[in-house]
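Scroll down for the structure; my scribbles are underneath it.
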Amino acid sequence: MKKFLELNLQKIGPHHIFVGLSCIFVLLSNVTTLSACIVLFSSAFFYISFIAGQNIFKKFDFKPFEVNYKFHEKIGLFLLLFGIFFTIMDLLWVRGVPLFDPTSRKFLSVIYTAFSHTLPLGWAIVVSSSKLSNKKIFLYSGVFASLVVLLGYRTQVVVLLLSTIFAMYYSEKIKNKLMIYSLIGLALVVFGLSFLRHFILNIGGNPILSRIDLTMSIFDLIVKNFNGNFQGVIHNAVFSSYGLIDGPKYGPRTLIANSIGVTGVTITPTIFGAVLMDFGTLGLVPYFGIFGLLMGLSNEVSKKLKGLYLGFYSIMVSYLIVGIETGILDLDVVVMYFLGVISTFYGIFRGILNAKK
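FYI, our numbering numbers position 347 of the sequence shown as 1716, with every residue one higher than the one before it.
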């Protein structure tokens, strides 16, 4: 019992949290047996692939190389200040506070909002690279979260705080016990923000349960009616909606909403739903297989090298967790994953070369 309470025997990984939250989403919703099986299979396959990625890394002849943490910290500070600047610009653009006036959120600048998302990434890199005390990290995290929440997006607040927790955890600033307490505190923050939103919009009911049930009911609709029907259009819209390639001019979540007869809003399809719409049930296997392998490799690299590598990994983990509900369908998030994967392979390459010296 004492060992169980100390909770310091084994590292908690994102694959554990991903499977746990996926199970919670299934248990707290009224999805069909088929939909539940798809979610559980996908999360289990991600879990196995994550471990496979870790094992592949262990077969490399890898030797950690000297990392310039001061330089990494400067990169983090630049991204942090860049994100703060565009967060403030976004608030000035809309001439209001979307947190207290949700209707004004639709007037936020798409570009400013996307650039403001560098704030959590920059802060995660700073936490991973610097020697800030835990008290200062928690204090600054609260200040930054208070700024981000003014835009009215709960997701970015969760990403900021969750990435901070993971950055502290894998840089050995906190152990399992404090990490779990931090995650519980984060869950309370999420509930508080959800309750505040329901209060402002004068919506009744449990904000967490209603959100989960709504999201999973949409996933149910996707399973029944749109299994593989879109053939890549949803993920293509991540880029085409910004005019980068040919394709739909609307964002992925708008397309999903329109496909089920809802207009004027965006809809979160779960990380499973978006893949299912585009690539069908079989498409879940390579998607979560490759995803798990990359995250497993990144996990090992970030633990060895810390700094910028851990900062990117912490953000990748955070978007993975929140993506259970929202899906990974934002251009800025895809770019962060791309850069995170590039940094992972660069770290592996440098480590292998260093071992041969």
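Just so it is clear, CB atoms sit at the ideal spot from N, CA and C, and this is done for glycine as well.
Would you mind giving the Cβ-Cβ distance between residue i and residue j, rounded to the nearest angstrom? I have them listed as a contact below 8 Å.
| i | j | result |
| --- | --- | --- |
| S1667 | T1713 | 4 Å |
| G1716 | L1674 | 5 Å |
| G1696 | G1642 | 7 Å |
| F1476 | V1463 | 5 Å |
| G1665 | A1413 | With 8 Å as the limit, G1665 and A1413 do not qualify as a contact, their Cβ atoms being about 15 Å apart. |
| V1517 | V1526 | 5 Å |
| F1484 | S1683 | Going by Cβ atoms, the distance from F1484 to S1683 rounds to 20 Å, so no, they are not a contact pair. |
| N1400 | D1589 | Before going on, a small fix: residue 1400 reads as Val here, not Asn. Between D1589 and V1400 the Cβ distance is about 5 Å, and since that is below 8 Å, they are a contact. |
| K1542 | N1503 | 6 Å |
| L1578 | L1397 | 6 Å |
Are residue i and residue j close, meaning C-beta to C-beta below 8 Å?
| i | j | result |
| --- | --- | --- |
| L1677 | I1494 | yes |
| G1452 | G1491 | yes |
| L1520 | T1456 | yes |
| K1428 | G1720 | no |
| N1723 | F1434 | yes |
| V1644 | L1651 | no |
| S1551 | F1595 | no |
| S1563 | P1576 | yes |
| G1597 | F1648 | yes |
| L1460 | L1488 | no |
| Y1733 | L1547 | No statement about residue 1733 is possible, as the shown extent of the chain runs from 1370 to 1726 and does not include it. |
| S1687 | Y1539 | no |
| V1496 | M1458 | no |
| F1419 | H1384 | yes |
| S1473 | V1592 | no |
| L1698 | V1607 | yes |
| V1559 | R1523 | yes |
| T1584 | E1669 | no |
Report buried or exposed for residue i, applying the criterion of at least 16 other Cβ atoms within 10 angstroms of its Cβ.
| i | result |
| --- | --- |
| P1621 | buried |
| F1373 | Low local confidence applies: a pLDDT of 42 at F1373 is under 50, so the model's placement there is unreliable, with the coordinate-based value given in what follows. Flag for F1373 reads exposed. |
| I1506 | buried |
| Q1600 | exposed |
| L1508 | exposed |
| I1614 | exposed |
| L1557 | exposed |
| P1655 | exposed |
| F1394 | buried |
| E1442 | buried |
| V1634 | exposed |
| L1468 | buried |
| G1445 | buried |
| E1375 | With a pLDDT of 46 at E1375, under the threshold of 50, the modelled position of this residue cannot be trusted; read the value that follows with caution. Burial call: exposed. |
| F1657 | buried |
| S1510 | buried |
| F1426 | buried |
| G1382 | buried |
Between which two residues does the alpha helix (DSSP H) holding residue i run?
| i | result |
| --- | --- |
| R1523 | 1523 to 1539 |
| V1634 | Neither: V1634 is in no alpha helix (DSSP H) and is coded neither H nor E. |
| Q1423 | 1402 to 1427 |
| S1628 | 1621 to 1628 |
| P1471 | Taken as a continuous stretch (DSSP letters only), P1471 belongs to no alpha helix (DSSP H), as it is neither H nor E. |
| E1694 | 1676 to 1695 |
| N1596 | From DSSP, N1596 is part of no alpha helix (DSSP H); its letter is neither H nor E. |
| V1463 | 1438 to 1463 |
| Y1364 | What the structure shows of the chain is the stretch from 1370 to 1726, and residue 1364 is not part of that stretch, so it cannot be assessed. |
| G1709 | 1700 to 1724 |
| Y1481 | 1479 to 1485 |
| G1389 | 1383 to 1396 |
Is there at least one Cβ from chain D nearer than 8 Å to residue i's Cβ?
| i | result |
| --- | --- |
| Y1522 | Here chain D cannot be found, since the structure has a single protein chain. |
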